[in-house]
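To convert, take the position in the sequence shown, counting from 1, and add 1114; that gives this note's numbering. A quick write-up on the structure given underneath.
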Amino acid sequence: MAALQKIRNHGVLLVTIIAVALFLFVMGDLVRGGEGLLNQSKQQVGEVLGKTLSIQDYNEMVNNLQNYYEIMGQDASGEDLLNRIKDEAWQTFVQNTLIQDECSKLGIIVTDNEVADIIQTGQSQMLQVPVFANPETGTYDYASLQKFLSDYQIVKSSGQQLPDEYEKIYKYYIFAQKSIREQLYVQKYQSLMSNAFTSNSIAAKKSFEDRTSIKDLLVASVPFTAIEDKDINVTDAELKAKFEEHKESYRQLMETRDIKYISVVVLPSDEDKAATEQSLKEARTTLEEAEGSDMISNAVRKASSIFPYSNVLKSKNAFPAMIANILDSIAIGTTTPVEFDAITNLFFTCRLIDQTVQPDSVLFRQIGVAAETEAKAEEKADSILNAINAGGDFKAIAKNYSQTGDSSWVSTASYERATIDADNALFINTIFRTNAGSTSKVKLSNGNFVVLQILETKNPIKKYNVASIVKENRFSDDTYNKEYNKLSSFIAANKSLESIESNAAKSGYQVQTALDVISSEHIIANISGTHDALKWVFDEAKVNEISPMYECGNNDQLFVAALTGVNKAGYRSVEKLTDDLKTLVMNDKKAEKLLAQYKDVKSIESAEAKGAKIDTLKAVSFSAVPFVMSIGAQEPVISATACKTAIGSVSAPFKGNAGIYVVKVLAETKDKEQKYNVKEEKANLSNYSMRNAMGSVINTLYLKADVKDNRYKFF
């Protein structure tokens, strides 16, 4: 009872303790949930209309596009192409999100049957890939796609390990399906938009006549530079008025940064160059004394040559230009002296081992032979060889060994830039040295054999077996460290941007400016490897703050920056555009003066007498923008003026982009191959107007979509 009484006496305290415990428990969940939400936000690459894109989904989009380019035969591993693929993936996500949102509002849908119909007929660029093509025609074949999908499902359901190539192609097929659906939404939206753009018979006729009317002209031109800038006065009011005139072209869709920076490219010293040259001379001696392909290959490998050696004959296209240019001037067995090519910054020497004429392409077929022992494998190979030489059916024999015996072409270009091992070198040499109609056997290093039959050879060319040692004239670690320490000391001694600008030249540095740096550009000032600096500029930097020093480029550059301005999305300031606006205003005023000077000109000759330069322009039409050599500029207004000027007539002086002009039409011809079709012409005009408008439509949708692009955080 005493215990119960104590509990009653402390009831309020116990309730409070329990309440606090429950509060902490709930808050713990909330905090953990908050951390989860925070982590999710950290994984977001961007956002459009409230729809977020995670780094995982973005990477999958990038990988799918890489896969597409690789299937199309392009190497998608280079930094420049990879960055373009990243941009393409993002832009596709943005456009599809915007358009599908509009389609949803308008009730536009894409059905599974529509996608299936596209896949069956092949009416999409996504399906025009080699893996879905008929081997004989080279064009898309729905049956080939169906066969692949069937084979894929059979192998997968059997529990066997799927080949990487199967997985790669299947992933691409799924990606293609999704892309086709997205493309259909775009097409339907554009089709709906096109109904808002109509043409008429009068405009169609005029458009056709202007497009098919080809004229030869005499053009008198006077550049704006004929009047000096100092003779033109520009007021602030005029700058503001010109800004308002072109305001929409000065709108930026995303936040940008202005920076000043120092970039140092580390170059090899004289000592570095001498050391590289000496090492190459020593390697040359080893190469010259090497006997046999193995020793030659070892000599090239130990020298760390940029170009590895393969014991096969290649065309000149396989070698660097400085080596290819001397191959016909040296004898077989010769090892050239060490030379330096200043254009490529490379030291080189080479040894010509052999040269001959061989086919550029060979049609062959093969049967692989394996057995428990090398002797048994050779016995089988000899049996096959004898059967074929006795007139046996190659394909029937191959079928006995579970092989097709199909023929295929191999070209010099297919192997000459690859690194080739001894077995492949023997295989290639046998193929290209064997006469058409002959059959032979090749022994591989693992004890297996290949029976080869050469069916046809084409295009004999000169080929060379060359071992080359090529090394870059590159800076040493000591040289790099000296440059690194020098710039570090300079930044340490100059802690403000003002101090850096004042003292840079004394230390041999140049402070450069980069305006309107965009986070989506991947790098700064076209300097590769500046991804980390870009993150600092957008995430950490304060105005006038100096960045850490970054190592970038091809591990051969040093970079330090200072943030000088933050530019919010929207219209750029008149102050920032002063130089551009001033040029536009000055050109307007110069045009006024020049037009006043040439207002009485009635002929090309009188224009020339006043100082104009004369050009003859051939085949000018409304759709062909002419280039005026004497003024160095393209001038669309000349095409427009020529269209409304009769043969033999001279136009009044008119303003262009870079000067004023007078045009005389010398002759006119009609493009008779094109026939006027009012329906087609009206459709072309409508489509042209729609395509031009679509850019504005997408921009308008973009501005309203609250787009957030955070990709730079993940580069």
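Virtual Cβ for every residue (Gly too), placed ideally from N, Cα, C. Keep in mind that this is a model prediction, so the values were computed, not measured.
Check: Nearest residue (CA-CA) to ASN1562, options ARG1588, GLU1492, ASP1496, VAL1751; Outcome: GLU1492
Check: Assigned secondary structure, ILE1573 (DSSP; H/G/I helix, E/B strand, else coil); Outcome: First, the amino acid is wrong: residue 1573 is Asn here, not Ile. Here ASN1573 sits in strand by DSSP.
Check: Reduced DSSP secondary structure (H/G/I, E/B, other) of SER1377; Outcome: strand
Check: Sheet register partners of GLU1632 (DSSP bridge); Outcome: Note that residue 1632 corresponds to Ile in the displayed sequence, not to Glu. Answer is THR1370.
Check: Minimum C-alpha distance to ARG1825 - residue among GLN1188, ASN1668, PHE1652; Outcome: PHE1652
Check: GLY1622 versus ASN1806: straight-line alpha-carbon distance, rounded; Outcome: 49 angstroms
Check: Segments of 4+ residues assigned as alpha helix (DSSP H) that fall wholly inside the segment 1488 to 1559; Outcome: 1488 to 1503, 1508 to 1514, 1536 to 1547
Check: Spatial neighbours of SER1168 in its chain, beta-carbon cut-off 7 angstroms, leaving aside the 5 residues before and after; Outcome: GLN1157, GLN1158, VAL1159
Check: Given 8 angstroms, three or more beta-carbon pairs between the segment 1686 to 1694 and the segment 1383 to 1392; Outcome: no
Check: Residues of its chain near PHE1322, where Cβ-Cβ distance is below 6 angstroms and the 5 sequence neighbours each way are ignored; Outcome: TYR1790, GLU1795
Check: Nearest-angstrom Cα separation, counted from SER1687 out to ALA1355; Outcome: 13 angstroms
Check: Within 8 angstroms, strictly: CB atoms of VAL1380 and PHE1589; Outcome: yes
Check: Chain-order list of residues whose beta-carbon lies under 6 angstroms from that of PHE1338 (same chain, five-residue window excluded); Outcome: ASN1701, LYS1704, GLY1773
Check: Residues sharing a beta bridge with PHE1454, DSSP; Outcome: PHE1461
Check: Own chain partners of ALA1397 with C-beta closer than 6 angstroms, once the 5 adjacent residues on each side are dropped; Outcome: ALA1417, ILE1583
Check: Minimum C-alpha distance to LEU1259 - residue among GLY1273, PRO1473, LEU1367, LEU1241; Outcome: LEU1241
Check: Backbone CA spacing between ILE1233 and ALA1489 [nearest angstrom]; Outcome: 52 angstroms
Check: For THR1326, three-class secondary structure by DSSP; Outcome: helix
Check: Sequence-distant residues of its chain with Cβ nearer than 7 angstroms to THR1819 (five each side left out); Outcome: First, the residue type needs correcting, since residue 1819 is Ala and not Thr in the sequence shown. Taken in chain order, the residues that qualify are VAL1162, LEU1163, LEU1212.
Check: Under 8 angstroms between C-beta atoms of VAL1426 and ILE1568; Outcome: no
Check: Boundaries of the beta strand (DSSP E) in which GLU1665 is found, first to last residue; Outcome: 1664 to 1666
Check: Option nearest GLU1665 by Cα separation, candidates GLY1679, GLU1654, VAL1680, ALA1647; Outcome: ALA1647
Check: Which listed residue (THR1463, THR1326, ASP1372) has its alpha carbon closest to that of THR1390; Outcome: THR1463
Check: ASN1573 and ASP1455 closer than 8 angstroms at C-beta; Outcome: no
Check: Spatially closest choice to GLN1297 from ILE1223, SER1191, THR1526, by CA coordinates; Outcome: ILE1223
Check: Distance between ILE1420 and PHE1828 (C-alpha atoms, nearest Å); Outcome: 32 angstroms
Check: Endpoints, alpha helix (DSSP H) assigned at ASN1681; Outcome: Careful: ASN1681 lies outside any alpha helix (DSSP H), inside the beta strand (DSSP E) at 1671 to 1681.
Check: Rounded straight-line distance, which links the Cα of PHE1246 to that of LYS1261; Outcome: 10 angstroms
Check: Length of the line joining the Cα atoms of ASN1658 and GLY1684; Outcome: 23 angstroms
Check: Proximity below 8 angstroms, CB of LEU1276 to CB of VAL1269; Outcome: yes
Check: Sequence-distant residues of its chain with Cβ nearer than 6 angstroms to VAL1564 (five each side left out); Outcome: GLN1480, GLY1482, VAL1556
Check: Identified DSSP bridge partners for LYS1822; Outcome: GLU1161
Check: When ALA1351, ALA1257, ILE1185 are compared against TYR1280, the one with the closest alpha-carbon; Outcome: ILE1185
Check: Identified DSSP bridge partners for ASN1579; Outcome: ASP1468
Check: The segment 1531 to 1550 / the segment 1441 to 1452 touching (three or more Cβ pairs under 8 angstroms); Outcome: no
Check: Per DSSP, cross-strand counterpart(s) of LYS1585; Outcome: PHE1461
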